[in-house]
Amino acid sequence: MESVFNDISYDPFAETAYDRRRRLLRLFEKTQAELKAFGSLEESPHTALQNINPIPPEPIERLDYSFDVSLENITNTELRPWVNWRGKSWYLGLGQKFVKDGRKGRKIEELTYVICGEPFPDFSTSTEFKRTEDFSSGEKEFYLAGSVNSTVVEALPDTGAEACFISPHLTSRLGLHPAPGSRKRITLANKKVVKSPGMVTVPWTFTNEQITHTINCWILPGCTSDLVLGNGFLKATNALKKVCHRIKSKFFGVSRRLSLSYLGNEKQRLRGYLNGHSTAALADTGSDAMFINGAYARRIGLDIDSDVENQVQVRLADGSTIMTSGMVRDINWEVGKMTVQCMFYVLENLCVDVILSKNYLFEKNIFSEQEEHFFDINSEDDSEDDHDDGYGDYILHFCILSIDTKVHAGILTLQGKKEQEKLEELCRRDRARDKIMALPEDQREAATKIENAQQQLWEAQKSEREAKWIAELHTVAGNVQHSVTRRSRWKNRISFSFLMKGSRR
Numbered sequence: 001m002e003s004v005f006n007d008i009s010y011d012p013f014a015e016t017a018y019d020r021r022r023r024l025l026r027l028f029e030k031t032q033a034e035l036k037a038f039g040s041l042e043e044s045p046h047t048a049l050q051n052i053n054p055i056p057p058e059p060i061e062r063l064d065y066s067f068d069v070s071l072e073n074i075t076n077t078e079l080r081p082w083v084n085w086r087g088k089s090w091y092l093g094l095g096q097k098f099v100k101d102g103r104k105g106r107k108i109e110e111l112t113y114v115i116c117g118e119p120f121p122d123f124s125t126s127t128e129f130k131r132t133e134d135f136s137s138g139e140k141e142f143y144l145a146g147s148v149n150s151t152v153v154e155a156l157p158d159t160g161a162e163a164c165f166i167s168p169h170l171t172s173r174l175g176l177h178p179a180p181g182s183r184k185r186i187t188l189a190n191k192k193v194v195k196s197p198g199m200v201t202v203p204w205t206f207t208n209e210q211i212t213h214t215i216n217c218w219i220l221p222g223c224t225s226d227l228v229l230g231n232g233f234l235k236a237t238n239a240l241k242k243v244c245h246r247i248k249s250k251f252f253g254v255s256r257r258l259s260l261s262y263l264g265n266e267k268q269r270l271r272g273y274l275n276g277h278s279t280a281a282l283a284d285t286g287s288d289a290m291f292i293n294g295a296y297a298r299r300i301g302l303d304i305d306s307d308v309e310n311q312v313q314v315r316l317a318d319g320s321t322i323m324t325s326g327m328v329r330d331i332n333w334e335v336g337k338m339t340v341q342c343m344f345y346v347l348e349n350l351c352v353d354v355i356l357s358k359n360y361l362f363e364k365n366i367f368s369e370q371e372e373h374f375f376d377i378n379s380e381d382d383s384e385d386d387h388d389d390g391y392g393d394y395i396l397h398f399c400i401l402s403i404d405t406k407v408h409a410g411i412l413t414l415q416g417k418k419e420q421e422k423l424e425e426l427c428r429r430d431r432a433r434d435k436i437m438a439l440p441e442d443q444r445e446a447a448t449k450i451e452n453a454q455q456q457l458w459e460a461q462k463s464e465r466e467a468k469w470i471a472e473l474h475t476v477a478g479n480v481q482h483s484v485t486r487r488s489r490w491k492n493r494i495s496f497s498f499l500m501k502g503s504r505r
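Under full-length UniProt numbering, the first residue of the sequence shown carries the number 1, and numbering increases by one thereafter.
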């Protein structure tokens, strides 16, 4: 029996996509009394557990996959409905038959097996069936091929990183040394803070391209990738949209630990709906899996399965590891007109509400097809202790960017004002809807009436607001030149202060 399964190559696609089926398979290792607590198994003539051999190793998942895809791969099997497990009907096939693996063309004969799967839908009459998709796997790696000073490097494209990072190993190999006084604190996905010894300048060139990009990279102790290209660089070079041919991928023949390479305090979010709740998710191409903050999952009423089988180890960007606390399944994630049903691993101390995996982002071409749903969040400066130990040297750069942003915000066109107000109102309505849904049922109707009245008032006052904006724009236009001149003086003064500060070190 063991040799038969060892002869089958491991299939990475089946590792986590059918987690619920694995759970059912493992239930058969328990006693008959425990099984009866989950469903009415006594109704089936094939429930004599003493006649069922021990469940084969993991490759049985490949058979389950074939079973779910096509009934033709299963021969001479009696399927019976098994009701009363999480309120769903399941088909159960038990017996000593043989299964044909449709993708490999092999047969495993005289194998006592257990196959569990969701009921096959009648697509001719039903349009509500939605298959749960699995976007969590460490078997596929995406990378950007390029070179640094003629040294070939496979860089990690990481939209969950606020800057570019480099490993100490590659830094030493290239003979680079950090700039004096450039140390920095870096926040990981679990809010753990690590200290970078400094920043180095790296000349990066994409494979088969002539242009060399000079990028500043922070040295990250324990960095699991030689080079991490952050979201700012990826957006500036359109690496994820117009020139997707730059993105390469490769498969690993063995199972790997899930990785989560969140670095810093990346502000970009993707607006969507998680089971109907407005959610600002972090699109992280450095994440192997879909993750959700445990507190957020409970706040929106998700059912967390905390079984030990769902507590897996996750490797962070610095090589350290954390454990998930469970999993949530059959979750609807909606962006624009696209909705997928998927599962999320739960992390209790996750720094954001939701993280979307690289598999989801690349398979669904999110960066191109859902571009209008991306936005940047505004957060308070949480670096009040950054001046200790000389780690606050670069806050000045953020001050300059903040001044520029505030000046330009006052020079919006009329159309820009309309779009900005519409976005703010939609966000307010999303928050109001979530608050109403959180109320006791007997209070929702009254709250809904109040909210509807507020929305009607907002619509009725559109013309008044537009007239006010037109008057304001005339005033702003007269002050534009003065604002630009003042901004230039500020930038000169701040830049001068920064240079003076650096010269004292």
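A virtual CB, placed ideally from N, CA and C, is assigned to each residue, including glycine.
query: Proximal residues to Leu-263 (C-beta, below 8 Å), its chain only, five neighbours per side dropped; result: Asp-158, Gly-160, Ala-161, Glu-162, Ala-163, Phe-165, Ile-186, Thr-187, Leu-188, Leu-220, Val-228, Gly-230, Gly-286 and Ala-317
query: Through-space distance from Thr-237 to Ile-215, alpha-carbon basis; result: 12 Å
query: Pairwise C-alpha distance: Ala-460 and Gln-268; result: 33 Å
query: Cα-Cα separation, Phe-375 to Arg-444; result: 30 Å
query: CB of Asn-349 within 7 Å of CB of Gly-326, strictly; result: no
query: Segment contact, 8 Å Cβ cut-off, at least three pairs: the segment 349–369 with the segment 268–284; result: yes
query: Length-filtered (3 minimum) beta strand (DSSP E) runs lying within the segment 189–228; result: 193–196, 199–206 and 212–219
query: Val-194 versus Glu-266: straight-line alpha-carbon distance, rounded; result: 16 Å
query: Those residues which DSSP pairs with Gly-326 across a bridge; result: Val-346
query: Minimum C-alpha distance to Gly-138 - residue among Thr-132, His-169 and Met-290; result: Met-290
query: Under the three-state DSSP convention, the category Glu-425 falls into; result: helix
query: Which listed residue (Asp-284, Thr-171 and His-177) has its alpha carbon closest to that of Ile-366; result: Asp-284
query: Nearest residue (CA-CA) to Lys-192, options Asp-303, Arg-173 and Arg-315; result: Arg-315
query: Ala-467 versus Lys-418: straight-line alpha-carbon distance, rounded; result: 12 Å
query: Enclosing alpha helix (DSSP H) for residue 509 [first to last residue]; result: The displayed coordinates of the chain run from 1 to 505. Any statement about residue 509 would go beyond what the structure contains.
query: Exposed unless 16 or more other CB atoms sit within 10 angstroms - verdict on Gly-87; result: With a pLDDT of 38 at Gly-87, under the threshold of 50, the predicted position of this residue should be treated as unreliable, and no value is reported.
query: Close-in-space but distant-in-sequence residues of the same chain around Arg-429 (CB under 8 Å, 5 per side omitted); result: Glu-451 and Gln-455
query: Rounded C-alpha distance that separates Asp-358 from Lys-250; result: Per the sequence presented here, residue 358 reads as Lys, with Asp not at that position. Those two C-alpha atoms are separated by around 13 Å.
query: Pair within 7 Å by beta-carbon distance, Lys-184 and Trp-218; result: yes
query: First and last residue of the uninterrupted beta strand (DSSP E) at Ser-278; result: 277–283
query: Three-state class that DSSP yields for Gln-268 in the structure shown; result: strand
query: Contact under 7 Å by Cβ, Trp-204 with Val-152; result: no
query: Residue nearest to Asn-208 in terms of C-alpha spacing, selected from Ala-145, Lys-235, Pro-178 and Thr-132; result: Ala-145
query: Collapsed DSSP secondary structure at Val-314 in the structure displayed; result: strand
query: 7 Å Cβ cutoff met for Tyr-360 and Phe-135; result: yes
query: Arg-246 to Glu-372 span [Cα, whole Å]; result: 22 Å
query: Tyr-273 - DSSP class collapsed to helix/strand/coil; result: strand
query: Nearest-angstrom Cα separation, counted from Thr-339 out to Glu-133; result: 11 Å
query: Contacting residues, own chain, Cβ-Cβ under 6 Å from Leu-170 (five flanking each side not counted); result: Asp-226
query: Backbone CA spacing between Gly-232 and Leu-176 [nearest angstrom]; result: 22 Å
query: Cβ of Lys-250 within 7 Å of any chain D Cβ; result: No chain D is present in this structure, which holds just one protein chain.
query: Euclidean distance between Cα positions of Ala-471 and Trp-333; result: 42 Å
query: Inter-residue Cα distance where the pair is Ala-453 and Ser-182; result: 54 Å
query: Presumed contact (8 Å Cβ cut-off) between Val-335 and Leu-270, rounded CB distance; result: 6 Å
query: Closest residue to Lys-140 among Glu-363, Pro-197, Ser-196 and Cys-223 (Cα-Cα distance); result: Glu-363
query: For Ile-377, three-class secondary structure by DSSP; result: coil
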